[in-house]
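Just below is one structure, and these are the notes that go with it.
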Amino acid sequence: MVAQSLIEGLKQRRNKLAQAVAQPVILWSGRGVGRNFPANKLAFRASSHFLYFAGIPIDNAAVRMEDGKLELFMDNPPPQATLWHGETPQREEIGAIIGADRVYPLAELSQKTKDAATIAVQESTTYQEQCRLLDRSVAFSDRLKDLDLELAKAVVKLRSQHDPLALQELRQAAAVSVEAHKAGMAATKHSTTEAQIRGAMEGVIIAHNMCCAYNSIVTVHGEVLHNETYSNKLQPQDLLLADVGAETPNGWAADITRTWAVSGKFSSTQKDLYEIVLAAHDRCIAQMRPGVEYQEIHLLAAGVIAEGLVDLGILKGKPQDLVATDAHALFFPHGVGHLLGLDVHDMEDLGDIAGYEPGRTRSDRFGLGYLRLNRPLQSGMLVTIEPGFYQVPAILSDSNFRAKYQDVVDWERLAQFGDVKGIRIEDDVLITDSGTEVLTAQLPTKVAEIEALVL
Ligand code: GLY
Ligand code: MN
Ligand code: MN
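Following my numbering, the residues of the sequence shown are numbered contiguously, the last one being 936.
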């Protein structure tokens, strides 16, 4: 694939924004935060909306866009900064890299804020500056209104269907994440702790000059959905769940989960449940194409899992009845996936504006409430597909759940699967005109292939 130039791609985005939004738009990048003194900085991450139109991370900058033109506002570092940070590109050089039409010192932005729409930046000092310069309070997420709501809807439309510039970056993030997972599998036989496997995986990401798109989950307690500790020792009978994804220097993410046996070989009970999750994963991807409702894909995953658990004797009843009463959610309590792009849960800073079709709201059903995406699929969307099976003590020992589902769970049979705490299989699926392309397909999902990578 021919690489699209940054400037050409960014200009197309700005022109599309101008077609959708008549008023000026100002987006701030945010600023790097010091830890205990200003030069001891936590890693700077520019706002994703800024990155979409500016293309590269610039600490403490703003862009003002109107009629397809972009003005960049940023300060050059003071001369003494070179002692600590070396020579850094000046405003004019950065403006040339991103195809800015004009560049100004940041102070001049205050002259140009009239009637501008914006999106709240997450970092608090810049957020206060944003409200001060616009002379109004800027609302967050679901409370957006007026100009800012119109802008958010236009940005969602653009960012939901990835352009060639985005896809170039997303493919790089996916490829590096695939390598990271292979390194994690290969490191397992020499590792004694979760932390060592995490190190092997993140080492690949860092070696590609990328960072992690989110805090890695590398754990023998896969039932803790967002487990962020790495201190457990590995035991031969454990399954290890690794949810690790890279982010490119310009901010584009991948999000992959694989589950493998620490010993290299799945036990028969582990394999039985793994095959059910894999069947859900494969059947979902096979059904995806433009026009298909993502909620239907979620319900398909729930149905395949319910059917598999009935076949194993863990659940009792008809799969469709089990899904209708949310019994599957005892073991698969989250949604089947989400939008992916500049953020791992893309655009969730806008609440459900991106994830939910206008007029749709979150269900209060146990089996649907955590569904993060409820829209028809469109060509150019990138979504994750990540079904799972978990034995979460907080769910399975909850007295209300046990009472409600006492007749549909065979608890004695379930106890035979005690060596499975959590299994998830997650891939990044691009919707194409005719179906799908799995950007992370180079990483195997089949038991035999995973075993071969670990052993
Ligand atoms: N890595 C977080 C998620 O899969 O949603
Ligand atoms: Mn995910
Ligand atoms: Mn994930």
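Think of the CB as a built atom: it goes at the ideal place given N, C-alpha and C, for glycine as much as any other residue.
Query raised in the report: Got a sec, what are the start and stop residues for the beta strand (DSSP E) Met555 sits in?
Result: For the purposes of this step, residue 555 is identified with residue 74 of the sequence shown, where counting begins at 1. Note, Met555: beta strand (DSSP E), 550-555.
Requested in this report: Name the two residues that bound the continuous beta strand (DSSP E) containing Glu918.
Outcome: Your numbering for residue 918 matches position 437 in the sequence shown. Where Glu918 is concerned, the enclosing beta strand (DSSP E) stretches over 917-919.
Query raised in the report: At a Cβ threshold of 8 Å, is Glu573 touching chain D?
Result: This model lacks chain D altogether; it includes just one protein chain.
Requested in this report: Determine the burial state of Val514: buried for a count of at least 16 other Cβ atoms within 10 Å of its Cβ, exposed for fewer.
Outcome: Walking along the sequence shown from the start, residue 514 turns up at place 33. So Val514 counts as exposed.
Query raised in the report: In three-state terms, what does DSSP make of Met482?
Result: As a position in the sequence shown, residue 482 is number 1, starting the count at 1. In this prediction, Met482 has a pLDDT of 46, which is less than 50 and means its spatial position is unreliable; what the coordinates show is noted afterwards. Met482: coil per DSSP, three-state reduction.
Query - Contact set for Ile912: own chain, Cβ-Cβ below 8 Å, skip 5 residues either direction - result: Numbered from its first residue, the sequence shown carries residue 912 at position 431. Result list for Ile912: Met769, Arg770, Pro771, Leu858, Gln859, Ser860, Gly861, Met862, Leu863, Val864, in chain order.
Query raised in the report: Do you know offhand how far Asp719's Cα is from Leu780's?
Result: Looking up residue 719 in the sequence shown gives position 238. Looking up residue 780 in the sequence shown gives position 299. Using only the alpha carbons, I get a separation of about 29 Å.
Query - Residues of its chain near Tyr837, where Cβ-Cβ distance is below 6 Å and the 5 sequence neighbours each way are ignored - result: Locating residue 837 in the sequence shown gives position 356, where the first residue counts as 1. Excluding sequence neighbours, Tyr837 sits near Asn855.
Requested in this report: From the DSSP output, in three-state form, read off Thr842 for me.
Outcome: Within the sequence shown, the letter at position 361 stands for residue 842. Three-state DSSP puts Thr842 in coil, outside helix and strand.
Query - C-alpha gap between Ser844 and Arg583, whole angstroms - result: Residue numbering aside, residue 844 sits at position 363 when the sequence shown is read from its first letter. Residue numbering aside, residue 583 sits at position 102 when the sequence shown is read from its first letter. So the alpha carbons of these two residues sit roughly 47 Å apart.
**Report entry** Cβ neighbours of Gly490 in the same chain (closer than 7 Å, five flanking residues each side left out)
**Finding:** The residue given as residue 490 occupies position 9 in the sequence shown. Correct list, in chain order: Asp644, Pro645, Leu646.
Requested in this report: With DSSP collapsed to three states, give me the class of Pro717.
Outcome: Within the sequence shown, numbered from 1, the residue matching residue 717 stands at position 236. Note: Pro717 maps to coil in three-state DSSP.
Requested in this report: Please determine, among Asp807, Arg617, Arg624, Ile678, the residue with the shortest C-alpha to C-alpha distance to Val743.
Outcome: Position 262 of the sequence shown, counted from the start, is the residue given in the question as residue 743. Out of Asp807, Arg617, Arg624, Ile678, Ile678 has the C-alpha closest to the C-alpha of Val743.
Query raised in the report: Would Glu709 be called buried (16 or more neighbouring beta carbons within 10 Å of its own) or exposed?
Result: The residue given as residue 709 occupies position 228 in the sequence shown. With fewer than 16 Cβ atoms within 10 Å of its Cβ, Glu709 is classed as exposed.
**Report entry** Cβ-based burial, Phe518 [other Cβ within 10 Å; buried from 16]
**Finding:** Here the question's residue 518 lines up with position 37 in the sequence shown. By the neighbour-count rule (16 or more Cβ atoms within 10 Å), Phe518 is not buried but exposed.
Query - Where Asp891 sits in the DSSP three-state scheme - result: Numbered from 1 along the sequence shown, position 410 holds the residue referred to as residue 891. Residue state, collapsed to three classes: coil.
Query raised in the report: Does the Cβ-Cβ distance between Ile786 and Pro868 come in under 8 Å?
Result: Taking the sequence shown and counting its residues from 1, the one referred to as residue 786 is at position 305. Taking the sequence shown and counting its residues from 1, the one referred to as residue 868 is at position 387. The answer is yes: Cβ separation under 8 Å.
Query raised in the report: Which whole-angstrom value is the C-beta distance of Leu934 and Ala667, which I expect to be below 8 Å?
Result: Position 453 of the sequence shown, counted from the start, is the residue given in the question as residue 934. Position 186 of the sequence shown, counted from the start, is the residue given in the question as residue 667. So it is a contact: roughly 7 Å between Cβ atoms.
Query raised in the report: Using CA coordinates, which residue listed in Thr599, Phe525, Pro559 is at the minimum distance from Ala543?
Result: On the sequence shown, position 62 is the one that residue 543 refers to. Comparing Cα positions, the closest option is Thr599.
Query raised in the report: Do His809 and His819 have their C-beta atoms within less than 8 Å of each other?
Result: Within the sequence shown, numbered from 1, the residue matching residue 809 stands at position 328. Within the sequence shown, numbered from 1, the residue matching residue 819 stands at position 338. Against a cut-off of 8 Å, the Cβ pair of His819 and His809 comes out as no contact.
Query raised in the report: Could you give the distance in angstroms between the alpha-carbon of Gly903 and the alpha-carbon of Thr750?
Result: Against the sequence shown, residue 903 aligns to sequence position 422. Against the sequence shown, residue 750 aligns to sequence position 269. C-alpha separation (whole angstroms): 12 Å.
**Report entry** Burial state of Glu704, where buried means 16 or more other Cβ atoms lie within 10 Å
**Finding:** As a working note, residue 704 is residue 223 in the sequence shown. Buried, by the Cβ-count rule.
Query raised in the report: When DSSP labels each residue in this structure, what does Arg512 get in the three-state scheme?
Result: Position 31 of the sequence shown, counted from the first residue, corresponds to residue 512. Arg512 falls in the coil class under three-state DSSP.
Query raised in the report: Out of curiosity, what's the CA-to-CA distance linking Leu920 and Ile575?
Result: Indexing the sequence shown from 1 puts residue 920 at position 439. Indexing the sequence shown from 1 puts residue 575 at position 94. Looking at the two C-alpha atoms, the distance is approximately 31 Å.
Report task. Evaluate the contact criterion for the segment 556-572 versus the segment 584-597: three or more CB pairs, one atom per stretch, below 8 Å. Result -> yes
Requested in this report: Ignore the nearest five residues each way along the sequence and tell me which others in Pro558's own chain have a CB closer than 8 Å to its CB.
Outcome: Taking the sequence shown and counting its residues from 1, one reaches residue 558 at position 77. Cβ neighbours of Pro558 beyond the five flanking positions: His566, Thr569.
**Report entry** Beta-carbon proximity check, Ile507 vs Thr594, cutoff 8 Å
**Finding:** Working through the sequence shown from its first residue, we reach residue 507 at position 26. Working through the sequence shown from its first residue, we reach residue 594 at position 113. Against a cut-off of 8 Å, the Cβ pair of Thr594 and Ile507 comes out as a contact.
Query raised in the report: Less than 8 Å separating the beta-carbons of Ser672 and Met682?
Result: Here residue 672 refers to the residue found at position 191 of the sequence shown. Here residue 682 refers to the residue found at position 201 of the sequence shown. Contact flag unset, no.
Query raised in the report: For Ala654, does the count of other Cβ atoms within 10 angstroms reach 16, so buried, or fall short, so exposed?
Result: The residue given as residue 654 occupies position 173 in the sequence shown. Counting Cβ neighbours within 10 Å, Ala654 comes out buried, since at least 16 surround it.
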